[in-house]
Amino acid sequence: MSHPHLLVETDGPVRTLTLDQPERRNAQTPSLWAALADEARSLGDDIRVVVLKGAGASFSAGIDTAMFSAEGVAGEESMKGLVARGEDAVDAAIATYQEGFTAWAQCPAVVVAQVHGHAIGAGFQLALAADLRVAALDAWFAMRETGLGLVPDLGGTGPLVHLVGYARALEMCATGRPVSAPEAHAMGLVNSIVPAADLDAATYSLVGGILSAPDEAVRALKPLLRAAVDDPSREAQLARERRAQGPLLTALVDGLG
């Protein structure tokens, strides 16, 4: 599905998705999350890398808070209207919203978030939904949901705890304090940090490195490593390694003649 605030560009095996509402610091809405989920689920085998980025001064300042007002956002269901439908409706709606974030872990391509400016709330969680993160030195990350009396609910809590540990994740979410790019890099939240002027070059250098590896191996590698996070059982992971390696090894040996 197309969306007026999501720019989709394809250059060979690389697809770039740009949150494109800079005048609102790329504030997010449910219709945008639906479009993101659709993009993730519809990726073909010709796309090997997806880059998520934001237009203007920020990656994304989070959910459009106008959704919590009585007027809501044009074309979107207001949170007031959703809550009035009852607990089951709220649960079902959030499950749908989460797909715009969780679907990226399931897609075959490697997903790279290119972050600059603000990555707050839903913006932070979208960066966490990517496999890899490259940040400009001017980037700031923050979970501000608790300040609204809410919790992060778009799939970001699991990746955050995995990347930085329980204590840091709790402190970041409970206080909502901004985390600078250098601190984020030091704690393992982002893979690399560069001056803002070099962000595109650094991102696409990483993309080039991914593309330089054989496609079949990278496609097998992503679910293999993701599974180690979701199910860290040593025996289960060893079995997954064997299953992934079998066809790759066969193809390599067959190719040697």
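Be aware that the sequence shown starts at 1, since it is given in full-length UniProt numbering, and climbs by one per residue.
Glycine is no exception: its CB is placed at the ideal position from the N, C-alpha and C atoms.
Counting only residues of its own chain and dropping the five nearest sequence neighbours on each side, Arg-15 has a CB closer than 6 Å to the CB of Ile-47 and Val-50. About 16 Å separates the CB atoms of Ala-202 and Val-110; that is not less than 8 Å, and the two are not in contact.
For Ser-192, there is no enclosing alpha helix (DSSP H); the residue is found in the beta strand (DSSP E) stretching over 192–194. A buried status is given to Lys-53, since no fewer than 16 other beta-carbon atoms sit within 10 Å of its beta-carbon. For the options Gly-12, Asn-26 and Gln-21, the alpha carbon positioned closest to that of Ala-122 is the one of Asn-26. Membership of Val-8 in the beta strand (DSSP E) is indicated by the continuous run 6–11. Measuring C-alpha to C-alpha distances from Asp-11 to each of Leu-32, Val-207, Pro-182 and Ala-40 identifies Val-207 as the nearest.
For Ile-210, the uninterrupted alpha helix (DSSP H) segment begins and ends at 199–211. Leu-19 has Leu-6 and Gly-54 as its beta-bridge partners, per DSSP. DSSP, reduced to helix, strand and coil, places Ile-94 within a helical segment of the structure shown. Taking 8 Å as the upper bound for CB-CB distance, Ala-220 and Ala-244 are in contact here, some 4 Å apart. Boundaries cannot be given for Arg-24, as no alpha helix (DSSP H) includes it and DSSP labels it neither H nor E. The straight-line gap separating the alpha-carbon atoms of Gln-106 and Gly-149 is approximately 30 Å. For Val-164, the enclosing alpha helix (DSSP H) begins and ends at 157–164. Residues Thr-16 of the same chain have their beta carbon placed closer than 6 Å to that of Glu-9, with the five preceding and five following residues left out of the count.
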